[in-house]
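Asker:
Numbering (my numbering), first residue to last: 17 to 132.
1. Buried or exposed: which applies to residue 58, given that a residue is buried once 16 or more other Cβ atoms fall within 10 Å of its Cβ?
2. Is residue 154 helix, strand or coil when you go by DSSP?
3. Near residue 27, which residues of its chain fall below 7 Å by C-beta distance, leaving aside the five closest residues on each side in sequence?
4. Out of curiosity, what's the CA-to-CA distance linking residue 102 and residue 86?
5. Tell me, please, which residues DSSP counts as bridged to residue 56.
6. At the level of alpha carbons, what is the spacing between residue 32 and residue 50?
7. What's the C-alpha gap between residue 64 and residue 72?
8. Give me, in chain order, the residues of the same chain whose beta-carbon lies closer than 7 Å to that of residue 107; leave out the 5 immediate sequence neighbours on both sides.
9. Compare the C-alpha of residue 127 against each of 79, 43, 45, 109 and name the closest.
10. Output yes or no for whether 9 Å exceeds the beta carbon distance between residue 82 and residue 116.
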């Protein structure tokens with residue numbers, strides 16, 4: 017469960033669905049993704065490290081919540097689609113990553129205002 021101000025900011029940006037996202041700290045699965053601090057699955061954010069470090073990075077929070085609520089939840093993102101996209105274009109040019117980075121950059125200042 018994120019801190020109250022973080023939870024309120026996420027709810028403002030993503031709606032009530034943000035409260036249903038499960039964040040798992042110190043995930044072995046996330047640590048297997050060398051060089052990544054987080055990975056997502058439907059309704060889950062798996063962190064390689066601590067939740068406090070995650071919450072301290074607004075763009076990462078927005079990026080990962082966007083994957084879960086904007087892509088997995090809508091059915092556009094699946095494991096196979098992500099793998100194929102990554103094989104075609106790599107991580108940085110992967111359309112799911114580009115979309116999440118653009119969303120996070122666009123919403124970061126608003127999120128910081130709300131999360132305080």
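The beta-carbon is built from N, C-alpha and C at its ideal position, and this holds for glycine as well.
Because the structure is a prediction, the values reported are computed rather than measured.
Answerer: Taking the structure as given:
1. With fewer than 16 other Cβ atoms inside 10 Å of its own Cβ, residue 58 counts as exposed.
2. With the chain running from 17 to 132 in the structure shown, residue 154 is simply not present.
3. 34, 35
4. 18 Å
5. 61, per the DSSP bridge assignment.
6. The alpha-carbon atoms of residue 32 and residue 50 are separated by roughly 32 Å.
7. Taking the straight line joining both Cα atoms gives about 14 Å.
8. 113
9. 79
10. Result yes, Cβ atoms of residue 82 and residue 116 sit closer than 9 Å.
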